[in-house]
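For any residue, its number in this note's numbering is found by taking its place in the sequence shown, counting from 1, and adding 1487. Working notes, structure below.
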Amino acid sequence: MPGTYYMPGVNLIHRGALQDVGAWASNLGGTKALIVASMGSTGQEQGRMVADVLERSSIASVVYAGAGPNPTDAMVVTGVQLYGDEHCDLLVAIGGGSAMDCAKGIGLIVTNGGTVDQYEGENKASRRLPPFITVNTTAGTGSEVTSVAVLTDSRTHHKMTIKDWRLTADVSVNDAQLMVSMPPALTAATGMDALSHAIEAYVATNATALTDSLAYEAITLVCQWLPRAFDKGDDIAARHGMCNAAFLAGLAFNNSGLGYVHALSHPLTGKYGLPHGVLNAVLLPAVMRWNSVLVGSRMAKIAVAMGVGHPWRTDRENAEKAIAGVEDLNRRLRIPPGLSAMGVREADLPELAEQAMEELVGKTNPRQVASAEQMQRLYLDSM
Ligand SMILES: [Fe+2]
């Protein structure tokens, strides 16, 4: 299994890791940072937290709390302008996937110029980003370690996927202390996103020995820690366990690819604005069942990783246990029972299935559909 691996050069995962950001920013040669955070009071607060840490290392900063839930090219343009006006030489993102993706877009344009649509696709940039640190506050998207940014065209609403090794951060930070205030619903959604990453990565066509080991351990960690983090947000051991789970799952899928859970999920977010992690959780059982026809032995190993599989059962029985295990976890985390309960209309499914067929993330799914009707069947099975 040949492999090419992308990941940040330095990765900090420990309680209090945020306090190390100033030292690493100095180490990277930064003197003034643009801090990219999510919109609203939480983003402002998180931005100020990073600014305080940087100040203790004599690094100036300006906070741009302008990353919306689905960051757009226009948000990137505003950030690029601020970066230039304030003479910044360092980029620090704090938040979940939105802040990270917006910061990746800003970094890309700061050094490469032009507009983000020019970089849609794979490895289109020619220059590296400025020194770049990602501080994760949700345990799920994996965006702090990935080389991908999804940005929306503000005029056409088209979601542009930019995959470029240059988008990879220099330093990623996972500090469980930053996650204790996440409400249970967000903990469930981001945690199930991490589980989807790990399961999709484990059966993806580009999986390798390295991504297998990352994904397998991530699956075990999610099953071990997510219910506890959901029940008791300030359980620091559970939060740390989920930091590790999401981090490993992020590294796994960044290098192996994803599958139909994400291919089916993206059009639903585009059309209804539904949350990514919850959609993935709802779609995961049907896609696992579809894939298990072809990769039953891999699915059986997933059951073992989840703690619900046994060697004396057949692969088929274990694969069913894995699917049932995900359904049990969904119920335990109060994930909606299906797409209908989330407001998805059956009449929209043909159009959504056509869009799902075009999703690049679906190309590494192990069992490919032969038609849009088959893709639609996966939506119907998740209703
Ligand atoms: Fe995801």
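Positions of the beta carbon are idealized from the N, C-alpha and C atoms, including for glycine. In this text, all values refer to a predicted model and were calculated from it rather than measured experimentally.
Problem - Cβ-based neighbour list, Val1795, same chain, cut-off 6 Å, excluding 5 preceding and 5 following - result: What you label residue 1795 is simply residue 308 of the sequence shown in a count that begins at 1. Answer for Val1795: Lys1808, Gly1812, listed in chain order.
Handout entry: Asn1767 Cβ short of 7 Å to ligand 1 heavy atom set
Key = Residue numbering aside, residue 1767 sits at position 280 when the sequence shown is read from its first letter. At least one heavy atom of ligand 1 falls within 7 Å of the beta-carbon of Asn1767.
Handout entry: Extent of the continuous beta strand (DSSP E) to which Ala1547 belongs
Key = As a working mapping, residue 1547 is identified with position 60 in the sequence shown. Residues 1547-1554.
Exercise for the section: Check whether the Cβ of His1797 sits closer than 7 Å to any heavy atom of ligand 1, and report yes or no. Expected result: Taking the first residue of the sequence shown as position 1, residue 1797 is located at position 310. No, the Cβ of His1797 stays beyond 7 Å of every heavy atom of ligand 1.
Problem - C-beta contact flag for Asn1741 and Met1679 at 8 Å - result: Residue numbering aside, residue 1741 sits at position 254 when the sequence shown is read from its first letter. Residue numbering aside, residue 1679 sits at position 192 when the sequence shown is read from its first letter. With a cutoff of 8 Å on beta-carbon distance, Asn1741 and Met1679 are scored as not near each other.
Problem - Glu1846, buried or exposed, once every other Cβ within 10 Å from all chains shown has been counted against 16 - result: As a position in the sequence shown, residue 1846 is number 359, starting the count at 1. By the neighbour-count criterion, in which 16 or more other beta carbons inside 10 Å mark a residue as buried, Glu1846 falls on the buried side.
Problem - Cβ shell of His1749 (< 6 Å), same chain only, five flanking positions each side left out - result: Residue 1749 sits at position 262 when you count from the first residue of the sequence shown. Short of 6 Å from the beta carbon of His1749, and not among the five residues preceding or following it, lie these beta carbons of its own chain, in chain order: Val1848.
Problem - For Tyr1570 and Met1587, the rounded distance between their alpha carbons - result: Here the question's residue 1587 lines up with position 100 in the sequence shown. Here the question's residue 1570 lines up with position 83 in the sequence shown. Going by the C-alpha atoms only, they are around 16 Å apart.
Problem - Rounded straight-line distance, which links the Cα of Val1579 to that of Arg1642 - result: Translated into the one-based positions of the sequence shown, residue 1642 becomes position 155. Translated into the one-based positions of the sequence shown, residue 1579 becomes position 92. When rounded, the distance between both Cα atoms is 27 Å.
Practice task
On a CA-only basis, which of Gln1842, Lys1758, Trp1777, Asn1852 is nearest Asn1557? Give me that one, please.
Solution key: Residue 1557 sits at position 70 when you count from the first residue of the sequence shown. Closest option to Asn1557, Cα to Cα, is Lys1758.
Practice task
Report whether the distance from the Cβ of His1749 to the nearest heavy atom of ligand 1 is below 7 Å.
Solution key: As a working mapping, residue 1749 is identified with position 262 in the sequence shown. Judged by the Cβ position, His1749 qualifies as a neighbour of ligand 1 at the 7 Å threshold, a heavy atom of the ligand being closer than this.
Problem - Rounded separation between Ser1700 and Ala1688 - CA only - result: On the sequence shown, residue 1700 is found 213 positions in, with the first residue counted as 1. On the sequence shown, residue 1688 is found 201 positions in, with the first residue counted as 1. C-alpha separation (whole angstroms): 10 Å.
Handout entry: Whole-angstrom C-beta distance between Gly1555 and Ser1528, which should lie under 8 Å
Key = By 1-based counting over the sequence shown, the position of residue 1528 is 41. By 1-based counting over the sequence shown, the position of residue 1555 is 68. In this structure, Ser1528 and Gly1555 do not form a Cβ contact; the two beta carbons are roughly 14 Å apart against a cut-off of 8 Å.
Problem - Closest residue to Arg1776 among Asn1514, Asn1852, Phe1619, Gly1592 (Cα-Cα distance) - result: Residue 1776 sits at position 289 when you count from the first residue of the sequence shown. Closest in C-alpha terms to Arg1776, from the list Asn1514, Asn1852, Phe1619, Gly1592, comes Asn1852.
Handout entry: Three or more C-beta pairs below 8 Å linking the stretch 1529-1539 and the stretch 1589-1603
Key = Of all C-beta pairs linking the stretch 1529-1539 to the stretch 1589-1603, fewer than three are shorter than 8 Å, placing the two stretches out of contact.
Problem - Among Gly1728, Glu1573, Gln1842, nearest to Thr1756 - alpha-carbon criterion - result: For this step, residue 1756 is matched to residue 269 along the sequence shown. Closest in C-alpha terms to Thr1756, from the list Gly1728, Glu1573, Gln1842, comes Gln1842.
Handout entry: C-alpha distance - Tyr1606 paired with Met1729, whole-angstrom precision
Key = As a working mapping, residue 1606 is identified with position 119 in the sequence shown. As a working mapping, residue 1729 is identified with position 242 in the sequence shown. When the Cα atoms are used, Tyr1606 and Met1729 turn out to be separated by approximately 32 Å.
Practice task
Run the proximity test for His1763: is its beta-carbon closer than 7 Å to any non-hydrogen atom belonging to ligand 1?
Solution key: Counting from one through the sequence shown, the residue named residue 1763 turns up at place 276. Checking every heavy atom of ligand 1 against the Cβ of His1763, one is found closer than 7 Å.
Problem - Ala1520 - containing beta strand (DSSP E), residue span - result: Here residue 1520 corresponds to residue number 33 of the sequence shown, with the count starting at 1. For Ala1520, the uninterrupted beta strand (DSSP E) segment begins and ends at 1519-1525.
Exercise for the section: Note the first and the last residue of the continuous beta strand (DSSP E) segment covering Ser1659. Expected result: Position 172 of the sequence shown, counting from 1, holds the residue named residue 1659. Per DSSP, Ser1659 belongs to the beta strand (DSSP E) from 1658-1661.
Handout entry: Where Ile1620 sits in the DSSP three-state scheme
Key = As a first step, residue 1620 must be located in the sequence shown, where it is residue number 133. Here Ile1620 sits in strand by DSSP.
Practice task
Grab me the residues of Tyr1703's own chain with a C-beta within less than 6 Å of its C-beta, minus the 5 sequence neighbours each way, in chain order.
Solution key: If you number the sequence shown from 1, residue 1703 lands on position 216. Its chain contains Ala1792 as the residues whose beta carbon lies nearer than 6 Å to that of Tyr1703, once the 5 sequence neighbours on both sides are disregarded; these appear in chain order.
Practice task
Within its chain, find whatever has a CB closer than 7 Å to the CB of Val1563; leave out the 5 residues flanking it on each side and keep chain order.
Solution key: The residue you call residue 1563 lines up with position 76 of the sequence shown. Counting only Cβ-Cβ distances below 7 Å, and skipping sequence neighbours, we find Cys1589, Gly1592, Ile1593, Ile1596, Val1603, Leu1638.
Practice task
With DSSP as the reference, label Gly1608 as helix, strand or coil.
Solution key: The sequence position of residue 1608 within the sequence shown is 121, counting from 1. Strand at Gly1608.
Handout entry: Cβ-heavy atom distance, His1905 to ligand 1, below 7 Å
Key = This structure leaves residue 1905 out entirely; the chain is present only between 1488 and 1870.
Exercise for the section: Keeping to the same chain, check which residues put their C-beta closer than 7 Å to that of Gly1582; ignore five residues upstream and five downstream. Expected result: Residue numbering aside, residue 1582 sits at position 95 when the sequence shown is read from its first letter. These residues qualify, in order along the chain: Ala1524, Ser1525, Gly1530, Gln1533, Ala1554, Thr1624.
Exercise for the section: Would you mind sorting Ala1883 into buried or exposed? The rule is 16 or more other CB atoms within 10 Å of its CB. Expected result: In this structure the chain extends from 1488 to 1870, so residue 1883 is not present and cannot be described.
Exercise for the section: Check whether the Cβ of Asp1680 lies closer than 7 Å to any heavy atom of ligand 1, and answer yes or no. Expected result: Translated into the one-based positions of the sequence shown, residue 1680 becomes position 193. For ligand 1, at least one heavy atom lies less than 7 Å from the Cβ of Asp1680.
Practice task
Going by CA-CA distance only, name the one from Asp1868, Ala1724, Lys1646, Ala1696 that's closest to Val1769.
Solution key: In the sequence shown, counting from the first residue as 1, residue 1769 sits at position 282. Put simply, of Asp1868, Ala1724, Lys1646, Ala1696 the residue whose alpha carbon is nearest the alpha carbon of Val1769 is Asp1868.
Exercise for the section: Find out if the Cβ-Cβ distance for the pair Ala1716, Ala1725 is shorter than 8 Å. Expected result: The residue labelled residue 1716 in the question sits at position 229 within the sequence shown. The residue labelled residue 1725 in the question sits at position 238 within the sequence shown. Result yes, Cβ atoms of Ala1716 and Ala1725 sit closer than 8 Å.
Practice task
Look at the alpha carbon of Ser1613 and the alpha carbon of Thr1707, and state the distance between them as a whole number of angstroms.
Solution key: For the purposes of this step, residue 1613 is taken as residue 126 along the sequence shown, with counting starting at 1. For the purposes of this step, residue 1707 is taken as residue 220 along the sequence shown, with counting starting at 1. Between Ser1613 and Thr1707, the alpha-carbon positions lie close to 39 Å from each other.
Practice task
Whole angstroms is fine: what's the gap from Pro1617's alpha carbon to Leu1839's?
Solution key: Translated into the one-based positions of the sequence shown, residue 1617 becomes position 130. Translated into the one-based positions of the sequence shown, residue 1839 becomes position 352. Each residue's alpha carbon lies about 38 Å from the other.
Exercise for the section: May I ask whether a heavy atom of ligand 1 can be found less than 7 Å away from the beta carbon of Thr1628? Expected result: Stepping through the sequence shown from its first residue, residue 1628 is reached at position 141. For Thr1628, the CB falls within less than 7 Å of some heavy atom of ligand 1.
Handout entry: Selected residue, minimal CA-CA separation from Glu1884, among Val1508, Thr1677, Arg1818, Asp1651
Key = Summary: the structure shown does not reach residue 1884, with the chain confined to residues 1488 through 1870, and so no result is reported for it.
Problem - beta strand (DSSP E) segment containing Asn1498, residue limits - result: Taking the sequence shown and counting its residues from 1, the one referred to as residue 1498 is at position 11. Unbroken beta strand (DSSP E) run through Asn1498: 1497-1500.
Practice task
Using a threshold of 8 Å, state whether the C-beta atoms of Ser1634 and Leu1654 are closer than that.
Solution key: Numbered from 1 along the sequence shown, position 147 holds the residue referred to as residue 1634. Numbered from 1 along the sequence shown, position 167 holds the residue referred to as residue 1654. Between Ser1634 and Leu1654, the C-beta spacing is below 8 Å.
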